[in-house]
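Participant: Pasting a structure below so you can have a look.
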Amino acid sequence: MYGISQLSSEQNIMVVAFPAVRQSEGGPAGYLSPFAAAGVNMDMICQGLPQGDVAAMSFTTSYDNWSIVMRTLPQVTAGKSGPAPLISGGYTKLTLFGQDMPNLCGVASRVMEIMAEARVPIHLITTSSVDISLLVAAEDEDTALDTLRQAFAL
Numbered sequence: 001m002y003g004i005s006q007l008s009s010e011q012n013i014m015v016v017a018f019p020a021v022r023q024s025e026g027g028p029a030g031y032l033s034p035f036a037a038a039g040v041n042m043d044m045i046c047q048g049l050p051q052g053d054v055a056a057m058s059f060t061t062s063y064d065n066w067s068i069v070m071r072t073l074p075q076v077t078a079g080k081s082g083p084a085p086l087i088s089g090g091y092t093k094l095t096l097f098g099q100d101m102p103n104l105c106g107v108a109s110r111v112m113e114i115m116a117e118a119r120v121p122i123h124l125i126t127t128s129s130v131d132i133s134l135l136v137a138a139e140d141e142d143t144a145l146d147t148l149r150q151a152f153a154l
């Protein structure tokens, strides 16, 4: 139904957010490359629409990478202006997959409606042509999964 054929979840997720990434200070590469070099597997990389030279950017990773992230942050932020990074944990990533999604309109909006009806706040959204990933608080995981399974007959 609605092109969704699989639903998965990944627990123990943290978010690393940079409120003001400047293109003039290396842009996303200047922020992401040091984490990659340190062995942090980043997911749900998201950049907002730039306002001049500045855009907000965030990524998720396993909370198991907490110590690596904390050791790498000084290297990432050295010489850069702007507010401090925001780091938080306690999230679950839900991924809805559907091979038919590229040919259907409204799949993502239906997912958002379902989460709104279930009163599950979505903290981050990323999509591709065949999947939709949602970051929800860990305490909302069961409600979100149950609601999505029911809505999409999974």
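Counted from 1, the sequence shown has number 39 at position 39 by the numbering used here; the numbering is strictly sequential. Here a beta-carbon is modelled for each residue, glycine too, at the ideal position from N, C-alpha and C. Please read all numbers here as calculations on a predicted model, not as lab measurements.
If we call anything under 8 angstroms between Cβ atoms a contact, is Ile-114 one with Val-16?
Facilitator: Position 114 of the sequence shown, counted from the first residue, corresponds to residue 114. Position 16 of the sequence shown, counted from the first residue, corresponds to residue 16. No, the pair does not count as a contact, with Cβ atoms beyond the cut-off.
Participant: Measuring straight from C-alpha to C-alpha, what distance separates Thr-143 and Thr-60?
Facilitator: In the sequence shown, residue 143 corresponds to position 143, counting from 1. In the sequence shown, residue 60 corresponds to position 60, counting from 1. Cα-Cα distance, rounded: 21 angstroms.
Participant: In this structure, does DSSP put Arg-149 in helix, strand or coil?
Facilitator: As a first step, residue 149 is located in the sequence shown; it is residue number 149 there, counting from the start. Residue state, collapsed to three classes: helix.
Participant: Apart from the five residues on each side of it in sequence, which residues of its chain come closer than 8 angstroms, Cβ to Cβ, to Arg-149?
Facilitator: In the sequence shown, counting from the first residue as 1, residue 149 sits at position 149. The answer, listed in chain order, is Leu-7.
Participant: Count the CB pairs spanning the stretch 53-67 and the stretch 12-27 that are closer than 8 angstroms, and state whether there are at least three.
Facilitator: In short, these stretches touch, since the Cβ pair count reaches three.
Participant: Name the residue from Glu-141, Arg-22, Thr-95 whose alpha carbon lies nearest to the alpha carbon of Gln-51.
Facilitator: Taking the first residue of the sequence shown as position 1, residue 51 is located at position 51. Considering only alpha carbons, the answer is Arg-22.
Participant: Assign Gly-3 to buried or exposed, taking buried as 16 or more other Cβ atoms, counted over all protein chains shown, within 10 Å of its Cβ.
Facilitator: In the sequence shown, residue 3 corresponds to position 3, counting from 1. The residue is buried, with at least 16 neighbouring Cβ atoms inside 10 Å.
Participant: What residue range is occupied by the uninterrupted beta strand (DSSP E) comprising Arg-164?
Facilitator: The structure shown has nothing for residue 164, since the chain only spans 1 to 154.
Participant: When the Cα atoms are used, what is the spatial distance from Val-130 to Gly-39?
Facilitator: On the sequence shown, residue 130 is found 130 positions in, with the first residue counted as 1. On the sequence shown, residue 39 is found 39 positions in, with the first residue counted as 1. About 27 angstroms.
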